[in-house]
Amino acid sequence: MEKIDGNENQPSGIVKSETMEIDKTETETETETETETETKTSTEIKIKTEAPTPTPTTTPTTTTTTTTTTTTPPTTTEIKIKNEAPTTTTTTTTTTTTTTPTTPTPTPTTTTPKTTTETTETKIKTEAPTSSTTTTATFKIPENNEELIKFTTEQRYEEGTIEYRNLIFRLESIESRLFKNAHIPTIVQLNSIKVCPRCILRFLNIKDFSTYQESLNTLSHLIQFLMFNQKQKDLNENKQKQKQEGEGEVVVENLKKYDPNTNERWNDFVCCCCLGILQDTNNRKLFLDEFLVKMKSSGYEFQNYSLAMTMPTSTSIREQSIWYYLVDSFPNVYSIDGKDESMVEIKEAVKWILGQIIGRQLFFQFKPSSDFRGNMQYIHEETKDDHQFLLTLQSTRGGGKRQRQSTKRIKVAMPDSSNHVNELLNNATKKEFELYGVVPPTPPKTKYSYDLSFKHEPIYLGGKYNKYVRDLSQAPWAYGDSSVQDLICKDIQETFKADSITFAASGREDVDVRMLGGGRPFFIEIVNPHRIFLKNQDFEKLESSVNDSTKDIKVSNLQLITKKETNMIKDSVGTKQKNYRCFIWTSRVLQPSDLDTLNNLKDIEIRQSTPIRVLHRRSLLTRNKKISKINATFVSPHFFMMDIINAQAGTYIKEFVHGDLGRTLPNIGLLLGNCEADILQLDVLDVDFDFPPKRK
Amino acid sequence: MRTLIERYYSSYYFIDTTITDPNLTEDQYVNQHTNELAVVGVAPSHPVLQQEITKIEFKERAINNEVSGTKKTGGFKLQSNTILCVITCSNGKEYFLRSCIKGKLLEINKELIKNPSLLKTNHATSGFLAIIEPKIKDKFMENPGLIQFEEYHKLRNIPIQKGPVFLKDETNDED
């Protein structure tokens with residue numbers, strides 16, 4: 197006995213077929229033939245083959261089901277597709293089922309073939325099927341058919357089940373929400389040239405991203421659903437018209453209901469617009485699992501991510517080609533210049549779908565300007581030369597419209613780059629495109645492939661360093677064995693697993709000058725780090741690895757800083773004041789009281805011509821500098837110690853002391869009067885800049 | 006301890022080889038800094054240091070010399086015998102001071118114009134004449150007419166003194 201769901205209004209159009217199989221775990225629906233399926237789990241469905249019906253009636257228009265050849269389906273490899281929702285029943289459209297993989301034999305029954313077409317003759321038949329030897333059949337992809345990837349639907353829907361109701365409900369709600377004013381013949385046309393459901397949505401300008409996130413299964417049904425309903429409507433209108441015109445007795449029947457089981461294998465093509473990119477996107481086996489594994493095993497630490505995508509250039513060409521095809525097919529609906537610039541791009545649609553999935557499966561959070569970026573490069577080998585005709589078109593374009601040559605230097609794009617192709621596309625008229633190109637585009641035989649690589653924005657490590665020796669340069673130098681930079685950075689690249697590192701400090705001191713006090717701020721730019729999460733103890737470890745290995749320098753306040761903060765360090769070079777201590781020789785004999793002239797000075801203004809010792813690499817200028825205060829301490833008649841307080845950034849202290857052949861005025865010798873002075877040792881006491889601060 | 010010049014510069018001296026008279030010692034020094042720039046001045050054996058100087062006049066082109074940028078473009082191109090300045094003494098004698106090396110003039114000593122006495126008191130340091138970027142930087146002795154420090158001192162019979170000059174404590178003399 198057929199179970200008829202009480203809620204459903206059974207119009208005459210629906211035909212139930214027999215020989216249904218149940219999943220062993222589900223017993224909700226009864227079927228004529230209870231069939232046991234071997235090795236079935238609750239989440240597995242096996243695709244069944246169809247044997248052709250012994251009495252083929254009207255062939256359904258849109259389905260390719262009943263076309264299969266012989267009664268013995270070829271032995272195929274089994275596909276098991278894991279489905280999230282527990283499956284209840286699977287119903288076969290046609291009668292016979294094959295038993296085991298080895299020897300499929302059709303068992304003809306006396307069921308009428310199901311049709312979803314307009315033939316009104318079909319009536320509900322509820323017959324008890326006679327065959328009882330049906331077991332599950334398994335559909336196998338022929339082993340030699342590697343190129344053709346089938347996007348087959350997995351699910352059978354028995355009327356009255358939850359899945360059936362859900363599907364129909366979903367389809368109806370989407371239809372009423374988004375497709376009320378849609379131009380359905382467009383769908384028919386696009387479907388006929390083998391455009392996938394999501395691309396159809398794009399051409400219809402559907403921007404509701406939750407629709408794209410529906411499974412391909414649902415969307416494929418949606419397309420068929422919309423076309424079916426439109427046909428029903430047209431049919432009815434015809435009939436109404438006929439009735440009004442009194443062309444005889446025509447039976448007007450109620451609109452039939454869409455039967456999701458009629459369409460199988462209407463999805464086994466590669467979309468001619470997106471080349472499979474939008475077909476695969478949430479298919480676990482064909483794309484998603486591999487992609488997620490790649491993302492997971494990228495080897496990076498990150499907080500959020502973003503995806504940048506490059507599409508093959510042929511997608512733009514094909515999109516344009518399809519657009520022209522639509523203009524030709526429906527000149528009243530689509531105008532030549534009306535291609536909507538805001539049409540959903542393939543990239544956008546992919547991101548809508550993937551974003552949600554990545555968030556749910558891997559718990560990665562999407563952020564548009566994230567520091568961590570995955571670069572998806574989609575490639576399609578088969579159609580990589582699709583744009584060639586545009587290049588030949590451009591070369592054959594003799595006189596004609598000349599592009600306005602800008603006198604500014606334009607970046608010349610590579611001939612195959614997407615920028616260039618888009619430019620050529622914009623310049624080609626419809627006529628030219630149709631003459632030289634292909635409208636509508638031919639469906640490809642192969643699917644896309646992709647390349648996924650990752651990159652993380654640089655992170656910055658800030659700190660302060662001290663230098664305690666007088667023979668170490670800051671930057672690596674030909675004449676020195678090591679440098680401050682080398683000593684600080686020796687373990688950094690490895691710790692962060694970075695591509696490269698760059699060292700920068702807030703100013704520098706000479707080789708023979710010590711850096712005392714709190715230390716000089718510096719930062720290290722770490723390019724493409726794989727490791728970014730460091731805790732206080734990691735920094736302590738880094739610091740001690742440097743400080744314990746050498747007495748020449750000391751590193752402190754190591755911490756991660758932002759890019760903005762590095763600008764603070766860079767800018768401080770010119771603004772921060774510094775304190776120095778130096779040891780001075782004088783040619784003249786001095787008394788302690790002679791130093792009073794120096795100690796009484798306040799806000800000393802000096803004018804320094806570029807010192808000769810740096811003149812070879814700096815321009816010849818005069819720099820006005822200020823020194824707040826001097827504290828001179830007598831040591832012996834020819835020597836004294838001098839502290840320089842708050843010297844303006846960029847003051848050449850050594851030249852202030854010895855005068856640089858009289859090119860720095862005033863200088864110590866002049867200030868003391870009748871004297872030559874020279875500097876023996878210099879230390880930087882402190883750099884007055886409290887960044888980076890001590891770690892908490 | 007070394008003086009500033011000893012620390013940073015290599016001292017060379019330019020002898021006019023056309024002059025054979027050993028009494029004519031109008032020598033100039035050419036000190037090359039470790040960064041290969043040269044400072045040109047009046048050598049201790051030059052007679053002008055014994056004279057009373059009334060005027061030091063640099064050539065106009067040297068005074069108006071302008072260089073720009075780190076490459077110092079636009080400097081006065083000098084030959085080794087280009088006259089940089091003329092010194093007039095109280096007895097009317099004029100001495101011509103030359104570049105001594107081929108190169109580009111970077112700057113002249115403007116302080117010397119304001120304060121000519123610098124020449125006699127500090128001819129080796131703040132009394133310098135000009136800073137020049139030499140054409141031949143690397144093998145500096147290939148500049149014609151240059152002789153080394155020791156050779157000069159031997160030739161002109163001047164005792165070599167290394168290290169800074171500790172001036173005598175004059176306060177004691179007053180007693």
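Protein chains in written order, with our numbering: chain Z, 197 to 892; chain L, 6 to 180.
Quick reminder that beta carbons are idealized off the backbone N, C-alpha and C, glycines included.
What you are looking at is a predicted structure, and each value in this text was computed from that prediction instead of being measured.
Beta-ladder partner(s) of residue i, from DSSP
| i | result |
| --- | --- |
| residue 572(Z) | 505(Z) and 648(Z) |
| residue 840(Z) | 776(Z) and 826(Z) |
| residue 711(Z) | 663(Z) and 880(Z) |
| residue 874(Z) | 781(Z) |
| residue 700(Z) | 719(Z) |
| residue 798(Z) | 825(Z) |
| residue 835(Z) | 781(Z) and 832(Z) |
| residue 669(Z) | 679(Z) |
| residue 151(L) | 19(L) |
Chain A within 7 Å of residue i, Cβ atoms only
| i | result |
| --- | --- |
| residue 815(Z) | The structure shown has no chain A; the protein chains it does contain are Z and L. |
Residue-level contact to chain L via CB, residue i, 7 Å cutoff
| i | result |
| --- | --- |
| residue 808(Z) | yes |
| residue 869(Z) | no |
| residue 595(Z) | Note on residue 595(Z): pLDDT 46, under 50, position unreliable in the model; the coordinate value appears next. No - not a single Cβ of chain L is within 7 Å of the one on residue 595(Z). |
| residue 858(Z) | yes |
| residue 873(Z) | no |
| residue 803(Z) | no |
| residue 811(Z) | yes |
| residue 576(Z) | no |
| residue 832(Z) | no |
| residue 789(Z) | no |
Any C-beta of chain Z under 7 Å from that of residue i
| i | result |
| --- | --- |
| residue 9(L) | yes |
| residue 15(L) | no |
| residue 101(L) | no |
| residue 81(L) | no |
| residue 131(L) | yes |
| residue 72(L) | yes |
| residue 42(L) | yes |
Span separating the alpha-carbon of residue i from that of residue j
| i | j | result |
| --- | --- | --- |
| residue 842(Z) | residue 662(Z) | 19 Å |
| residue 620(Z) | residue 541(Z) | 19 Å |
| residue 134(L) | residue 91(L) | 11 Å |
| residue 750(Z) | residue 831(Z) | 30 Å |
| residue 490(Z) | residue 561(Z) | 16 Å |
| residue 119(L) | residue 668(Z) | 41 Å |
| residue 411(Z) | residue 559(Z) | 20 Å |
| residue 472(Z) | residue 440(Z) | 47 Å |
| residue 172(L) | residue 783(Z) | 5 Å |
| residue 709(Z) | residue 666(Z) | 6 Å |
| residue 728(Z) | residue 484(Z) | 27 Å |
| residue 80(L) | residue 122(L) | 27 Å |
Cutoff 6 Å; reference residue i; Cβ partners in own chain excluding five residues on either side
| i | result |
| --- | --- |
| residue 59(L) | 93 and 95 |
| residue 827(Z) | 839 |
| residue 83(L) | 104, 108 and 110 |
| residue 884(Z) | 772 and 773 |
| residue 571(Z) | 504 and 649 |
Selected residue, minimal CA-CA separation from residue i, among the options
| i | options | result |
| --- | --- | --- |
| residue 719(Z) | 644(Z), 858(Z) and 655(Z) | 655(Z) |
| residue 867(Z) | 538(Z), 791(Z) and 485(Z) | 791(Z) |
| residue 632(Z) | 801(Z), 423(Z) and 624(Z) | 624(Z) |
| residue 879(Z) | 402(Z), 711(Z), 628(Z) and 673(Z) | 711(Z) |
| residue 376(Z) | 423(Z), 679(Z) and 389(Z) | 423(Z) |
| residue 681(Z) | 646(Z), 652(Z), 713(Z) and 717(Z) | 717(Z) |
| residue 590(Z) | 622(Z), 567(Z) and 674(Z) | 622(Z) |
| residue 129(L) | 73(L), 24(L), 44(L) and 40(L) | 44(L) |
| residue 400(Z) | 468(Z), 414(Z) and 538(Z) | 538(Z) |
| residue 888(Z) | 435(Z), 805(Z) and 752(Z) | 752(Z) |
Beta-carbon proximity list for residue i, same chain, < 8 Å, skipping 5 on both sides
| i | result |
| --- | --- |
| residue 722(Z) | 654, 655, 656, 657, 688, 689, 692, 694 and 697 |
| residue 618(Z) | 512 |
| residue 124(L) | 47, 53, 54, 58, 61, 92, 117 and 132 |
| residue 614(Z) | 506, 507, 509 and 512 |
| residue 808(Z) | 856, 857 and 859 |
Neighbourhood of residue i by C-beta distance below 7 Å, restricted to the same chain and skipping five residues each side
| i | result |
| --- | --- |
| residue 397(Z) | 407 and 408 |
| residue 20(L) | 32, 150 and 152 |
| residue 543(Z) | 505 and 507 |
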